[in-house]
DNA sequence: ATTTAGCACTCTTAAGGCGTGAGTGCTAAA
DNA sequence: TTTAGCACTCACGCCTTAAGAGTGCTAAAT
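See the structure below:
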């Protein structure tokens with residue numbers, strides 16, 4: 093009765109996990125025996141199951157029910173037993189096709205991401221979620237101030253990734269178009285490849301250091317541009333395929349849980365916390381149940397992966413579903429999709 | 093047994109509607125009699141109820157259950173019996189406060205709308221929905237082309253309402269900044285107060301009429317700018333407070349219906365169809381059940397009202413909820429909110 | 001020492017039967 | 001015209017029962 097699970101027990105666990113994923117019902121010894129082609133009798137399976145229960149990989153909802161894998165059981169399955177299934181015939185094509193359509197047109201990056209995300213939710217049958225990293229941390233391509241009306245200036249920042257960020261600022265009616273022109277060329281002389289945050293700091297320090305160098309109007313304009321993209325800007329969050337959670341019996345049965353999840357979907361910060369771990373890392377992230385450390389979503393699993401533009405990470409895309417998820421299918425799907433996004437941004 | 097409902101019957105109907113709205117349960121004659129302070133005995137009420145059933149304002153789910161108002165019953169109630177309840181203490185303040193916070197900052201119009209919509213969903217306990225009219229139909233303030241990178245041009249259009257619309261277009265690497273400058277001042281010489289659609293047509297006809305007048309580069313640039321804001325641009329749709337539909341017992345009980353509604357929320361075109369009628373008209377629109385002519389949402393009610401910027405309509409905001417909705421509260425709430433949006437846009 | 005057949009036992013689930021109560025419609029009296 | 005009275009209907013909750021799935025344990029088989 094060692095804590096290390098031997099190979100035979102592992103096969104039984106796999107079998108239980110896979111059956112449970114397919115049926116959402118507790119799995120009995122008889123079923124496992126059949127699925128293993130009668131290599132072992134139900135009685136033997138029962139012994140092994142008892143062992144697996146002892147190490148915490150299985151539980152019984154009640155006496156005389158079959159077993160259900162625990163979060164720990166799923167974790168072991170994913171880490172040690174999972175055989176990846178490659179993408180289904182057509183899935184890859186569908187994604188590529190949609191990508192082609194999206195990548196070609198003048199679609200904005202956000203629309204592109206939403207598009208791909210929706211497709212992912214359709215292919216997976218789960219809810220798809222994307223976060224786009226805070227634009228303040230993306231690298232700039234160029235920046236420009238322009239007159240919007242007599243008392244308003246529009247600041248436009250174009251990122252390396254093709255994202256366009258803009259903001260209308262009030263006042264400053266006495267700054268002329270010529271001033272703006274000057275400011276533009278001044279800003280762009282050192283803007284390239286900085287992040288917005290860096291740019292803001294840079295402008296601030298320039299202003300402080302060489303006060304004399306700039307006339308008053310120019311100073312005010314620069315100061316205004318510096319506070320334009322402040323902390324109030326957040327990365328975008330997209331959720332697609334919410335209705336899919338109603339396909340999962342475990343969610344439908346428990347309205348309270350359903351409410352909690354739907355509410356979580358509406359809180360951008362929650363989704364952001366859920367996915368930003370995946371944004372940093374290279375590999376795909378799988379978190380089972382409360383592993384994600386987000387109380388509101390303690391009973392869902394998340395499969396997510398970051399996507400990049402060049403060397404800087406742009407965001408992450410993933411799936412939210414029940415713990416009982418078809419990981420062998422979902423993991424490659426998310427992986428492929430995140431990769432696709434990276435490739436698509438490469439082309440921009 | 094006339095088809096015209098006399099005053100007493102109307103009072104009974106009101107009573108039934110209001111009780112049903114509060115409890116979501118069929119209402120019996122005994123209850124109505126009590127609520128009317130025993131003015132009439134249950135037996136009399138039963139007779140009246142039978143009449144109301146005959147004209148189609150009530151139904152019985154089964155013999156020996158109380159009565160439930162039909163869509164027609166609700167319609168009659170709204171058209172003839174509804175006493176508006178004014179906003180609750182604090183609701184108005186909350187909305188104004190949030191509005192002040194939102195209106196002041198450099199928040200984008202879309203964020204403002206989303207903000208107000210979310211608040212509406214919280215105050216109403218229903219799902220709130222907003223559509224923003226297609227920007228192509230909004231009037232321009234000014235337009236500007238700028239170099240984004242060696243092979244990309246950014247076109248930015250600022251609308252009278254403060255909406256900023258932008259698009260990155262490919263190619264045209266040999267158009268210089270000077271060319272762009274020229275194009276900008278040319279475009280802006282007649283841009284003001286045109287819609288994007290009108291501008292596009294104008295540019296096209298100019299190009300055709302006076303070919304000689306423009307050099308080749310300029311022509312190409314103008315042609316590019318003309319196809320920038322094409323038909324692919326759609327108005328935005330925001331849905332807030334989806335989780336609120338789970339507060340309604342009638343939706344929780346029927347998962348199929350729930351799925352249908354949730355799916356509908358994800359289809360922008362569906363929401364658009366649902367609300368665009370309200371966008372045109374002046375008054376608030378109430379559509380009960382299938383009155384909205386959107387199959388996917390045949391069993392919900394919608395209370396919606398347009399909001400404007402100056403004389404042109406900008407979109408509409410509303411609530412989606414069960415037919416059994418608290419109209420006397422929801423109608424003023426939506427009305428006030430739509431008005432608030434109009435006022436906020438006025439200030440921009 | 002492991003595996004397995006057999007068996008008693010547990011517990012869920014579905015089905016049937018029954019009483020209760022809410023609510024009705026009808027009739028006859030006020 | 002209204003209302004009291006009454007018989008009737010039907011959903012709902014509760015109980016009992018039977019079936020079935022699945023277990024754990026023991027003893028025999030390998």
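Protein chains in written order, with the numbering used here: chain A, 93 to 440; chain B, 93 to 440. Think of the CB as a built atom: it goes at the ideal place given N, C-alpha and C, for glycine as much as any other residue.
Assuming residue i contacts residue j under a Cβ cut-off of 8 Å, what Cβ separation, rounded to an integer in Å, is found between them?
i: residue 419 of chain B; j: residue 174 of chain B; result: 6 Å
i: residue 205 of chain B; j: residue 357 of chain B; result: Actually they are not in contact, since the Cβ atoms of residue 205 of chain B and residue 357 of chain B sit about 17 Å apart, beyond 8 Å.
i: residue 225 of chain B; j: residue 212 of chain B; result: Going by Cβ atoms, the distance from residue 225 of chain B to residue 212 of chain B rounds to 18 Å, so no, they are not a contact pair.
i: residue 109 of chain A; j: residue 260 of chain B; result: About 47 Å; that fails the 8 Å criterion.
i: residue 334 of chain B; j: residue 334 of chain A; result: 7 Å
Rounded to the nearest angstrom, what separates residue i and residue j at their Cα positions?
i: residue 389 of chain A; j: residue 199 of chain B; result: 30 Å
i: residue 93 of chain B; j: residue 127 of chain B; result: Because residue 93 of chain B carries a pLDDT of 40, less than 50, the predicted location of this residue cannot be relied on, and the following value inherits that uncertainty. Answer to the nearest angstrom: the Cα atoms are 24 Å apart.
i: residue 266 of chain B; j: residue 309 of chain B; result: 8 Å
i: residue 187 of chain A; j: residue 326 of chain B; result: 23 Å
i: residue 413 of chain B; j: residue 184 of chain B; result: 21 Å
i: residue 400 of chain B; j: residue 166 of chain B; result: 29 Å
i: residue 394 of chain B; j: residue 421 of chain B; result: 13 Å
i: residue 271 of chain B; j: residue 236 of chain B; result: 12 Å
i: residue 315 of chain B; j: residue 234 of chain B; result: 18 Å
i: residue 352 of chain A; j: residue 98 of chain B; result: 47 Å
i: residue 177 of chain B; j: residue 424 of chain B; result: 7 Å
i: residue 411 of chain A; j: residue 354 of chain A; result: 14 Å
i: residue 106 of chain A; j: residue 129 of chain A; result: 14 Å
i: residue 299 of chain A; j: residue 242 of chain A; result: 25 Å
i: residue 150 of chain A; j: residue 144 of chain B; result: 59 Å
i: residue 281 of chain A; j: residue 368 of chain B; result: 47 Å
i: residue 278 of chain A; j: residue 295 of chain A; result: 10 Å
i: residue 426 of chain A; j: residue 377 of chain A; result: 10 Å
i: residue 391 of chain B; j: residue 345 of chain B; result: 14 Å
i: residue 210 of chain B; j: residue 430 of chain B; result: 13 Å
i: residue 238 of chain B; j: residue 269 of chain B; result: 7 Å
i: residue 123 of chain A; j: residue 227 of chain B; result: 59 Å
i: residue 519 of chain B; j: residue 406 of chain B; result: The first residue shown for chain B is 93 and the last is 440, placing residue 519 of chain B beyond what the model contains.
i: residue 168 of chain B; j: residue 203 of chain B; result: 38 Å
i: residue 215 of chain A; j: residue 162 of chain A; result: 26 Å
i: residue 136 of chain A; j: residue 125 of chain A; result: 9 Å
i: residue 370 of chain A; j: residue 201 of chain A; result: 20 Å
If you check the beta carbons only, do residue i and residue j fall under 8 Å apart?
i: residue 118 of chain B; j: residue 158 of chain B; result: yes
i: residue 286 of chain B; j: residue 250 of chain A; result: no
i: residue 191 of chain A; j: residue 338 of chain A; result: no
i: residue 397 of chain A; j: residue 379 of chain A; result: no
i: residue 230 of chain A; j: residue 404 of chain A; result: yes
i: residue 113 of chain A; j: residue 140 of chain A; result: no
i: residue 258 of chain A; j: residue 258 of chain B; result: yes
i: residue 217 of chain B; j: residue 385 of chain B; result: no
i: residue 264 of chain B; j: residue 313 of chain B; result: yes
i: residue 437 of chain A; j: residue 297 of chain A; result: no
i: residue 232 of chain B; j: residue 288 of chain B; result: yes
i: residue 496 of chain A; j: residue 172 of chain A; result: It is not possible to answer for residue 496 of chain A, since the shown part of chain A is limited to 93 through 440.
i: residue 248 of chain A; j: residue 248 of chain B; result: yes
Identify which residue in the options has its Cα closest to the Cα of residue i.
i: residue 223 of chain B; options: B/113, B/374, B/332 and B/162; result: B/332
i: residue 434 of chain B; options: B/402, B/288, B/355 and B/134; result: B/402
i: residue 115 of chain B; options: B/340, B/360 and B/362; result: B/340
i: residue 381 of chain A; options: A/347, A/375 and A/416; result: A/416
i: residue 444 of chain A; options: A/276, A/439, A/406 and A/376; result: Here chain A has residues from 93 to 440 only, and residue 444 of chain A is not among them.
i: residue 160 of chain A; options: A/362, A/342 and A/374; result: A/342
i: residue 189 of chain B; options: B/284, B/132 and B/208; result: B/208
i: residue 366 of chain B; options: B/350, B/383 and B/375; result: B/383
i: residue 156 of chain A; options: A/170, A/138, A/360 and A/164; result: A/138
i: residue 361 of chain A; options: A/328, A/133, A/291 and A/347; result: A/328
i: residue 439 of chain B; options: A/111, A/142, A/133 and A/244; result: A/244
i: residue 262 of chain B; options: B/131, B/317 and B/142; result: B/317
Would you list, in sequence order, the uninterrupted beta strand (DSSP E) runs of no fewer than 3 residues that lie entirely inside the region 329 to 413 of chain A? The DSSP assignment places 329 to 332, 377 to 379, 393 to 401 and 404 to 413 as complete runs of the beta strand (DSSP E) inside the region 329 to 413 of chain A, in order along the chain (cut-off: 3 residues).
Complete runs of the beta strand (DSSP E) confined to the region 144 to 229 of chain B [at least 3 residues]: 219 to 224
What residue ranges within the region 108 to 143 of chain B form continuous beta strand (DSSP E) runs of no fewer than 3 residues, ordered along the chain? With a minimum length of 3 residues, no continuous beta strand (DSSP E) run stays inside the region 108 to 143 of chain B.
Runs of beta strand (DSSP E) wholly within the region 246 to 317 of chain A (minimum 3 residues, chain order): 256 to 262
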